[in-house]
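Per our numbering, the sequence shown starts with residue 60, numbered consecutively.
Glycine residues also receive a C-beta, built at the ideal position from the N, C-alpha and C atoms.
Predicted model only: the values in this text are computed from it and were never measured.
See below for the structure under consideration.
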Amino acid sequence: MSRWWHPRSRARAAAQQPPAPEPSPAVPEPPPEAPDRPGAGPDPAPPPPPPPPPPPPRAQPTAGHLVVTLQHEDGPERELARQPLSPLELAVLKADGLRARLGPEHPDTMAALRDQARALAELPDRHEEARERFTGLIRRQAAVLGYLHEETLTTAADLAQLLHAMGELDRAEEASRSVWTSRTDLLGRDHPATLDSAAQLAAVLEDLRRAPEALALRRDVLERRRRLHGPDHPDVHTDANAHAAALIKADRWEEAEQELRELVGRMERAVRPDAELLAPRSNLGAALCRLGRFEEAEHVLRTVIATQDQAGSDVGDHALPTRNNLAAVLHALGRFAEAAQLLREVLAVRTRTHGEHHPHTVHARDNLANVLIDAGERQQAVDLLQRCRDDYRRLLGPDHPKVRSTGELLTRLRAQSG
Numbered sequence: 060m061s062r063w064w065h066p067r068s069r070a071r072a073a074a075q076q077p078p079a080p081e082p083s084p085a086v087p088e089p090p091p092e093a094p095d096r097p098g099a100g101p102d103p104a105p106p107p108p109p110p111p112p113p114p115p116p117r118a119q120p121t122a123g124h125l126v127v128t129l130q131h132e133d134g135p136e137r138e139l140a141r142q143p144l145s146p147l148e149l150a151v152l153k154a155d156g157l158r159a160r161l162g163p164e165h166p167d168t169m170a171a172l173r174d175q176a177r178a179l180a181e182l183p184d185r186h187e188e189a190r191e192r193f194t195g196l197i198r199r200q201a202a203v204l205g206y207l208h209e210e211t212l213t214t215a216a217d218l219a220q221l222l223h224a225m226g227e228l229d230r231a232e233e234a235s236r237s238v239w240t241s242r243t244d245l246l247g248r249d250h251p252a253t254l255d256s257a258a259q260l261a262a263v264l265e266d267l268r269r270a271p272e273a274l275a276l277r278r279d280v281l282e283r284r285r286r287l288h289g290p291d292h293p294d295v296h297t298d299a300n301a302h303a304a305a306l307i308k309a310d311r312w313e314e315a316e317q318e319l320r321e322l323v324g325r326m327e328r329a330v331r332p333d334a335e336l337l338a339p340r341s342n343l344g345a346a347l348c349r350l351g352r353f354e355e356a357e358h359v360l361r362t363v364i365a366t367q368d369q370a371g372s373d374v375g376d377h378a379l380p381t382r383n384n385l386a387a388v389l390h391a392l393g394r395f396a397e398a399a400q401l402l403r404e405v406l407a408v409r410t411r412t413h414g415e416h417h418p419h420t421v422h423a424r425d426n427l428a429n430v431l432i433d434a435g436e437r438q439q440a441v442d443l444l445q446r447c448r449d450d451y452r453r454l455l456g457p458d459h460p461k462v463r464s465t466g467e468l469l470t471r472l473r474a475q476s477g
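In structure tokens form, the structure reads like this:
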């Protein structure tokens, strides 16, 4: 069994693969990004915004309170002070208390230390610290409990998800595959935790642009969940949407449209909340765009965006795929200025959230360059595509088809520019 969390394993991986990029928060099963430009390479995209300034520290929600009280011998207890605690502060207090009382290797202490690492993983500027804590905890749990133990594998799954969020795709694949195969051995293929691990591995494979492998995993997860829960369980709906998204990425658009229409109808009959219908409807818009039914796709996607906007919150990472898909439709219809405006929003949020070199940011920059090509801004497109090719080399390896196709596009553009 590969002990992928050991430093020597990481050093070997670094020698075999190009350096992985840094940042990026995990997002729950985003719909696929916009379809490719009609008749040509990658998804649409417009002029790049200037690098956004670093955002102010995000206010953390209150997870609990530290309360100071005074108890008189013969009187009631009186509250003197109350201090709100963030999720991280609360997790640190709990972990420190259990470690002092039970010792560092007690199962309850190790579970609390995992919660502390999870709280760190929610903060993009502390991902490296979260990774170190997860890795150290896995070593300790493997020594005390064994690697093939549910608690150890739960921590390993958290680390795999964090590596994916950070954009370290090769290491994320190694970790996700290790957790999936180990849970299969320990719990069986149909256990919910095993199915979750398979879905996590599929998400990494999708970002590595290995669509056939990801689709096979998505289909297997969906079939097993259906046998376990029936067609109307919320988890089955989630997996059905992910499978349809994988069909789109594998260029099987007619199948994706059929599955998504069936899924949306089933969810509507089950009176699922509108928020749960947004992802399959957005994916339906993406499938329609790929099929060249642009007006229908635009209507579907604008309806989804209107529902998202009614929530009254800022455009967040979860809402970006729908805007990207709408930009693809507008690009195909020749409405470059509108497409550019949407994609500026997408790129700005991706950069602010994930950093310059994360796969999601690189994809947004690639889209942007393709809109610029059709808008006649070829020099700016060349500058963006050069950055994309460099990042694709790091992310996917120098021999990946995406690296070659981006290089070929750059060569054509430079030749046309004289």
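Give me the residue from His250, Pro332, Gln259 with the minimum Cα distance to Leu221. Gln259
- Query: When you compare each of Cys447, Arg190, Leu161, Arg453 to Gly466 by their alpha carbons, which one comes out closest?
  - Reply: Cys447
Would you decide whether His131 is buried or exposed? Buried here means 16 or more other CB atoms lie within 10 Å of its CB. exposed
With a CB to CB cut of under 6 Å and the five nearest residues on each side skipped, what residues in its chain are close to Arg473?
none
* Hey, Pro135 and Glu181: beta-carbon distance below 8 Å or not? -> no
**OP:** Kindly indicate which three-state DSSP category Thr121 falls into: helix, strand or coil?
**Re:** coil
So who's on the other strand from Ala396, going by DSSP bridges? Paired residue(s): none; Ala396 is not in a bridge.
Under the three-state reduction of DSSP, which class applies to Glu181: helix, strand or coil? coil
Q.
So the candidates are Ala170, Glu164, Ala140; which of them puts its Cα closest to the Cα of Lys153?
A. Ala170
Report task. Throw me the rounded Cβ distance for the Arg349 and Ile307 pair, which I believe falls under 8 Å. Result -> 6 Å
Looking only at its chain, what residues have a beta carbon closer than 8 Å to the beta carbon of His292, apart from the 5 residues adjacent to it on each side? Arg284
- Item | Distance between Thr410 and Glu232 (C-alpha atoms, nearest Å) | 23 Å
field: Beta-carbon proximity list for Pro115, same chain, < 6 Å, skipping 5 on both sides
entry: Only weak support exists for where Pro115 lies, its pLDDT of 45 falling under 50; the value from the coordinates is given anyway. Around Pro115: no qualifying Cβ.
Contact the stretch 314 to 326 vs the stretch 335 to 344: 3+ CB pairs below 8 Å = yes
Handout entry: the stretch 429 to 442 in contact with the stretch 386 to 404 per 3-pair CB rule at 8 Å
Key = yes
Notebook entry, point to check: Excluding the five sequence neighbours on either side, which residues of its own chain have a C-beta within less than 6 Å of the C-beta of Trp312, listed in chain order?
Noted result: Ala346, Arg349, Leu350
Assess, as a yes-or-no matter, whether the stretch 321 to 331 is touched by the stretch 357 to 368 under the definition of 3 or more beta carbon pairs within less than 8 Å.
no
request  = Taking Arg453 as part of the alpha helix (DSSP H), name the residues at either end of that continuous run.
outcome  = 437 to 455
Hey, how far is the Cα of Pro332 from the Cα of Leu157? 40 Å
Q | Through-space distance from Glu148 to Val280, alpha-carbon basis | A | 37 Å
(Q) Taking 8 Å as the threshold (C-beta atoms), are Arg141 and Val126 in contact? (A) yes
**Asked** Does the ligand FAD have a heavy atom nearer than 7 Å to the CB of Pro293?
**Response** This structure simply doesn't include the ligand FAD, nor any ligand for that matter.
query = By a C-beta neighbour count over all protein chains shown, 10 Å radius and 16 as the cutoff for buried, is Pro107 buried or exposed?
reply = Caution is warranted here: a pLDDT of 37 is assigned to Pro107, below 50, making its placement in the model unreliable, and the coordinate value is therefore given only provisionally. Pro107 comes out buried.
message: So, under 8 Å CB-CB, Val263 and Leu228 are touching, yes? Tell me the CB distance rounded to an integer number of Å.
response: 6 Å
Contacting residues, own chain, Cβ-Cβ under 7 Å from Leu274 (five flanking each side not counted): Ala305, Leu306, Ala309
Q) Enumerated in chain order, which unbroken segments of the beta strand (DSSP E) with a length of 3 residues or greater are wholly contained in the stretch 118 to 160? A) 123 to 130, 136 to 144
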